[in-house]
Amino acid sequence: MLESRGEVDERTRLDGEQSTCIEPDSAVQRVFNLLGKRWTGVLIASLMGGPGHFTDLRRAIPGISERMLSDRLSELVGMGLLNREVQEGPPLRVTYRLTRAGQELRPALLELTTWAQTHLGPEESRNCPSEEQLDPGAARRRA
1 MLESRGEVDE
11 RTRLDGEQST
21 CIEPDSAVQR
31 VFNLLGKRWT
41 GVLIASLMGG
51 PGHFTDLRRA
61 IPGISERMLS
71 DRLSELVGMG
81 LLNREVQEGP
91 PLRVTYRLTR
101 AGQELRPALL
111 ELTTWAQTHL
121 GPEESRNCPS
131 EEQLDPGAAR
141 RRA
């Protein structure tokens, strides 16, 4: 349930009617502050299939600039959702991998993907990750 205090906010509106809007709980606000940032959800979804290098991610996410990708990766590493692993060179390579906390976003991203495919239509949802991208083993488990 999205109610933070277990009750509906019944403040009086300007027109004299009672408002029945639910005040979102702070966890909902925090998760959308994170996933609502441009490219963050797509970046996490891109790593659901396994680890990736910066250049792999740059190619997998059309339209993201190198600076934005670098900023988002640093932010997600700092939040504990990604691990950054440096392989000594030459050439030096950096691999990004979801942590357990990052992997635990999979069910939520699958639900959001399903919702987008149902409610946004093909044009708006064409850049949403597919279920196979989010969960590569899904097809095998259904078979």
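Residues in the sequence shown are numbered consecutively from 1, following full-length UniProt numbering.
Built from N, CA and C at the ideal position, the CB exists for glycine as well.
Given the structure is predicted, the values throughout are model-derived calculations rather than measurements.
Anyone know if the C-beta pair for residue i and residue j falls short of 9 Å?
i, j, result
"G41", "L92", "no"
"L98", "N83", "yes"
"L81", "I22", "no"
"G36", "T95", "no"
"I61", "S74", "no"
Could you pull out every residue in the same chain whose Cβ sits closer than 8 Å to the Cβ of residue i, ignoring the five residues on either side in sequence?
i, result
"R58", "I64, E66 and L69"
Hey, how far is the Cα of residue i from the Cα of residue j?
i, j, result
"G49", "Q18", "48 Å"
"L112", "L120", "11 Å"
"Q103", "W39", "17 Å"
Classify residue i: buried if its beta carbon has 16 or more other beta carbons within 10 angstroms, exposed otherwise.
i, result
"G78", "exposed"
"G89", "exposed"
"R72", "buried"
Apart from the five residues on each side of it in sequence, which residues of its chain come closer than 6 Å, Cβ to Cβ, to residue i?
i, result
"E85", "T95"
Below 7 Å CB to CB, which residues in the same chain sit around residue i once its five sequence neighbours on both sides are set aside?
i, result
"L34", "T40"
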